[in-house]
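**Q** One structure follows; several queries about it will come next.
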Amino acid sequence: MPQKGGLLFEVKDLCKNFGVTIALSHVNFTLHSGEIRGLIGENGSGKSTVSSIIAGMQPANSGEMMYKGAIWNPASAIEAQKAGIGMIVQESGTIAGISVAENIFLGDMSRFRKGLAVDKKAIFTAAKEALENIGVTDINPALPAGHYDIQQRKLIEVAKIIYMEPELLIVDETTTALSKHGREIVYKIMHQMAEAGKTVMIISHDLNEVMEHCSVLTVLRDGVIIDNISRENFDADDIKKKMVGREMKGSYYRDDYDGYDENDVVLKADCITTMNQLLCLNLELHKGEILGIGGLSNCGMHPLGRALYGLEDIVDGQVILQHSGLVIKNAETAFKNGMGYVSRDRDNESLELNASISENIASTGFKKNRVGPFISFKKEKSYVDRQIQALSIKCLKAYQPVSTLSGGNKQKVVFGKWCAVDSDILILDCPTRGVDIGVKADMYQLICNMKKSGKSIVMISEELPELMGMCDRMLIMRNGQISGEFFRKDGYNDHVLIEYMI
Amino acid sequence: MTNLTVSEKKTPVILSAKDKIAILRANRYAMMILPFIVLALTVVIFGLLTSGRFFRTSVLLGILSQTVIIGTCATGVAFIYSNGNLDISIGAVMGFSATIGVLAYNSTGSPILLVAVSIATATALMLFNCTLGIVFRIPTITVAIIVTQIYSSITTLMIGGAGSIYIDSDTGSMLQTGPFRYTAFFAYFLLCIVIYHFTSVGRTLRFIGGNENCAVQAGMSRNRETYISFLVAGIGVGLAAVFNVINVNAVTLDTGGSMGMNVMLATVLGGMSIFGGSKSNCYAGFVGALTVSALNRGLLMVGVPTAYIQSIRGVVFLILVFLNFERQRLLPGRDQF
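Line order of the protein sequences matches chains A and B. Taking the numbering used here, I'd label the letters of the first sequence as residues 7 to 508. Taking the numbering used here, I'd label the letters of the second sequence as residues 253 to 589.
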């Protein structure tokens, strides 16, 4: 084991470009044993690129890396893992169709071979041990990974990486996919590793999180290291400024107390029960209202968002568009009648990753951009360009595949397609997951503007501060039912809200 | 404890040769012209191997004739591929509809009925396939495997022991050499281009093929679009059945036999993935059909036995499909067209 405080990893003059896009420009930094390094910056600043190069997922164009005193030039992520560098990736890193155990030991199955077959008992036992090792006991290693939700699948990935006992652990925007419990598991692992003289590098957009847990912060902007800040010099406003290149002081939530029309209900859930978590749930959304839905991650708030948009089978009760009396039975009806939905699972549900930015944004506007039965290319182009400009989506061109964008810019594309179609009712499920503070501020502003123009918004979030900062009214859910209702005009008290959640 | 260094912004990095090649490979224009390069290479190679005999008018017309048949089918079937469906029953549907069309013609003597009945039958069968898939929620490829056997058996029963049913050669050659064939082909091809690229149909199909969840959330209906795709493909298969009948003045037990393979081969040779998605289009099949027809004819002319040609096409197809997975992201991007 390296000596605590000793040099473990060094990045020297690292450059990486994707075509003409420069992702990293002459990046230098060092990592030491026993430290927790935070890597922060706006979406598209190069954080994931530098960490994926360290973890062997892609090569650099130029520059040098040193690991434990020797030149480090891994050919693959597997080589890096074997050498003690593990990375928990930002996007989903599990395969849905195979068992949890097989996911954990993917690439290392040979050790469980028994003749021609795999020793199921041995692999399940080892997987159970790997999960218990990080404190997870409610995941069955024999079940397919697809059986579990995003959060639990992320924990499976954590178990996989930790089981390999890495010397250097890279956590790439993992915590955004986790509930409080899941986050605590990751934080505990990070501190245990640092305590044991190992090194952790965490990438996160949650400033409070990195300021609480990191010993040093490295700020990246547009592929260039802006600063390395030691813990004693942490200052939120200074860090924000360095991240985005402009002053970002104080709160970015709305500060008004504008109400909404309490007599004008636009959407109503009338005692809806679903096969998935919801039990006779009633809800009314008003014109010009931002309605927050909060609770623990498995309280039923995510299925509620899907049910309101017609994506869940409702076994009893109904969702009604109050003005027209129309019952929402599927997403097609919802969409045609002025509703929009931003899914929590961005890459699998909100974007067609192989398609371009243009095609993704244009996907909501086929009807709007028609002249007779034909698509007007001119209208479509302006429909797309307007959003790219309004949301400052960082891209070379509109025809760039959306998969090449950073997480925050992908989320901007999702927002863009719903802003473009000008939906009257928007259901936003964790709309700011994985986006940096600059983008968050822009999105909150956008949501406020929508409210002001009479749109109605359901905002589902696991982040209480976000709900408290943005919502006119908040419904707290517990076990598939609403446990409390709170109003902005009365002021929110987070201690009270949490009591209603648990 | 930490060695803090702050990097300065320097001049942009210089692209390596490897990067430049990667950029070229990812260039949509480069990938767009690739099918034409493959076609040109095929023609040049067979031209050299046959000492120029490949360029005789009769050979070229023969290739064009086969291109019209395969191209019509491939253009229509591109609608099915685009939204992630596969249907390998088109050969059997073609044989079935050609038989019904010929029987209708022989009992009435009306060329109009030959065309109308063939198209109506093929369209009805394709819509039936689609309905089975949607109602029973099974992949269309599975439906196709089952119905292929049924359609082929019925066709064999209708054609009977003679193995073929002829139409009178006057009508056949009138339709074959007159303006009908090329007019019908170009009308269908243009119709498909307009529907696919100038209305929301193609965009919707591609989006569903790329990410169905995302498409559904944007208000698209998979069932409706699947019906549209099978309807358009059905018309194409029916029309191709007519072209095939007038080409040989008969319907035989072999009619449509290798069409499923030819269409898939034409699609991938034309630069489109048979797995659909955002990089699909409806004209790749036509470009590919030219290459497939040239390949079929060229192989015959250099003396490769017919039995081996099928195998060679199979191998080429396997290689192309394999490359397709790899090439998926390199295929030409879909711009506004």
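Backbone N, C-alpha and C define an ideal beta-carbon position, used for all residues, glycine too.
How long is the line joining the alpha carbons of A:Q451 and A:P437, rounded to whole angstroms?
**A** Rounded to the nearest angstrom, the two C-alpha atoms are 13 Å apart.
**Q** Quick check: what's the CA-CA separation for A:M196 versus A:M476?
**A** The alpha-carbon atoms of A:M196 and A:M476 are separated by roughly 32 Å.
**Q** Report yes if the C-beta distance between A:C468 and A:S349 is below 8 Å; otherwise report no.
**A** Here residue 468 of chain A is Glu; the residue named in the question, Cys, does not match the sequence. No, these two residues do not count as a Cβ contact at 8 Å.
**Q** In or out: B:T429 buried (at least 16 other Cβ within 10 Å) or exposed?
**A** The residue in question, B:T429, is exposed, as its Cβ has fewer than 16 Cβ neighbours within 10 Å.
**Q** Is it buried or exposed, B:P557, if we count other Cβ atoms within 10 angstroms and call 16 or more buried?
**A** B:P557 should be labelled exposed.
**Q** Pull up the DSSP beta-bridge partners for A:C21, would you.
**A** Note: A:C21 sits in a beta bridge opposite A:S68.
**Q** For A:E358, go through chain B and note every residue whose CB falls closer than 7 Å to its CB, in chain order.
**A** Under the 7 Å cutoff, chain B gives F459, G462, N463, C466, S530.
**Q** Does DSSP classify A:N214 as helix, strand or coil?
**A** Here A:N214 sits in helix by DSSP.
**Q** Does the count of Cβ pairs from the stretch 345-353 of chain B and the stretch 502-520 of chain B closer than 8 Å reach three?
**A** Taking 8 Å as the limit for Cβ pairs, the verdict is that the stretch 502-520 of chain B does touch the stretch 345-353 of chain B.
**Q** Looking only at C-alpha atoms, which of A:L20, A:I508, A:D261 sits nearest to A:N455?
**A** The candidate whose alpha carbon is nearest that of A:N455 is A:D261.
**Q** Answer yes or no: do B:M553 and B:F298 have a C-beta to C-beta separation smaller than 8 Å?
**A** The answer is yes: Cβ separation under 8 Å.
**Q** Run through chain B and tell me which residues come within less than 9 Å of A:N354, C-beta to C-beta.
**A** By Cβ distance, chain B contributes N463, N465, C466.
**Q** Who are the neighbours of A:E365 on chain B, taking C-beta pairs under 8 Å?
**A** Simply R455, R458, F459, S530, R586.
**Q** Return no unless some Cβ of chain A is closer than 8 Å to the Cβ of B:S481.
**A** By this cut-off, B:S481 is not an interface position.
**Q** Helix, strand or coil, according to DSSP, for A:I399 in the structure here?
**A** Residue state, collapsed to three classes: coil.
**Q** Just reading off the alpha helix (DSSP H) that A:R159 is part of, what are its end residues?
**A** First-last of the alpha helix (DSSP H) with A:R159: 156-169.
**Q** Less than 8 Å between the C-beta atoms of A:I443 and A:K246, yes or no?
**A** Yes, these two residues count as a Cβ contact at 8 Å.
**Q** Strictly below 8 Å CB to CB, what residues from chain A border B:F450?
**A** The answer, in chain order, is F380, I381.
**Q** At least one CB of chain E closer than 8 Å to the CB of B:A518: is that the case?
**A** Going by chain labels, chain E is absent from the structure shown, which instead holds the protein chains A and B.
**Q** Buried or exposed: B:N496, going by 16 or more other Cβ atoms within 10 Å of its Cβ?
**A** Under this definition B:N496 is a buried residue.
**Q** How is A:R494 classed by DSSP in three states: helix, strand or coil?
**A** Of the three classes helix, strand and coil, the one that applies to A:R494 here is helix, per DSSP.
**Q** Quick check on A:N34: does DSSP put it in helix, strand or coil?
**A** Reduced to three states, the DSSP call for A:N34 is strand.
**Q** To the nearest angstrom, how far is the alpha carbon of A:V164 from that of A:G44?
**A** Distance between the alpha carbons of A:V164 and A:G44: 18 Å.
**Q** Mind listing the chain A neighbours of B:S416? Cutoff is C-beta to C-beta under 9 Å, in chain order.
**A** Those within 9 Å of B:S416 in chain A number zero; the least Cβ separation is about 43 Å.
**Q** Tell me whether B:R474, by its Cβ, gets closer than 7 Å to a heavy atom of the ligand FMN.
**A** Among the ligands in the structure shown, none appear at all, so the ligand FMN cannot be discussed.
**Q** In angstroms, rounded to a whole number, what distance separates the CA positions of B:G323 and B:V329?
**A** Using only the alpha carbons, I get a separation of about 10 Å.
**Q** Per DSSP, which residues does A:A242 bridge with? Please list them.
**A** DSSP output for A:A242 lists no bridge partner at all.
**Q** Cβ atoms of A:K461 and A:G265: under 8 Å apart, would you say?
**A** Going by C-beta atoms, A:G265 is not nearer than 8 Å to A:K461.
**Q** Can you list the residues of chain B that A:K342 reaches, using a CB-CB cut of under 7 Å?
**A** Those within 7 Å of A:K342 in chain B are G471.
**Q** Tell me whether the beta-carbon of B:M524 lies closer than 8 Å to the beta-carbon of B:R565.
**A** No, these two residues do not count as a Cβ contact at 8 Å.
**Q** From the DSSP output, in three-state form, read off A:K461 for me.
**A** In the structure shown, A:K461 sits in coil (DSSP, three-state: anything other than H, G, I, E or B).
**Q** What residues from chain B crowd round A:Y154, counting only those whose CB sits closer than 8 Å?
**A** None at all; the shortest Cβ gap to chain B is about 18 Å.
**Q** Excluding sequence positions up to five away, which residues of its chain have a Cβ less than 7 Å from the Cβ of A:Q158?
**A** Result list for A:Q158: I145, in chain order.
**Q** When burial is assigned at 16 or more other CB atoms within 10 Å of the CB, is B:F438 buried or exposed?
**A** Classification for B:F438: exposed.
**Q** Can you tell me whether A:P471 is buried or exposed, with buried defined as 16 or more other CB within 10 angstroms of its CB?
**A** With fewer than 16 Cβ atoms within 10 Å of its Cβ, A:P471 is classed as exposed.
**Q** Taking C-beta pairs closer than 9 Å, name the residues in chain B that A:T370 reaches, listed in chain order.
**A** Near A:T370 (Cβ distances below 9 Å), the residues of chain B are A470, G471.
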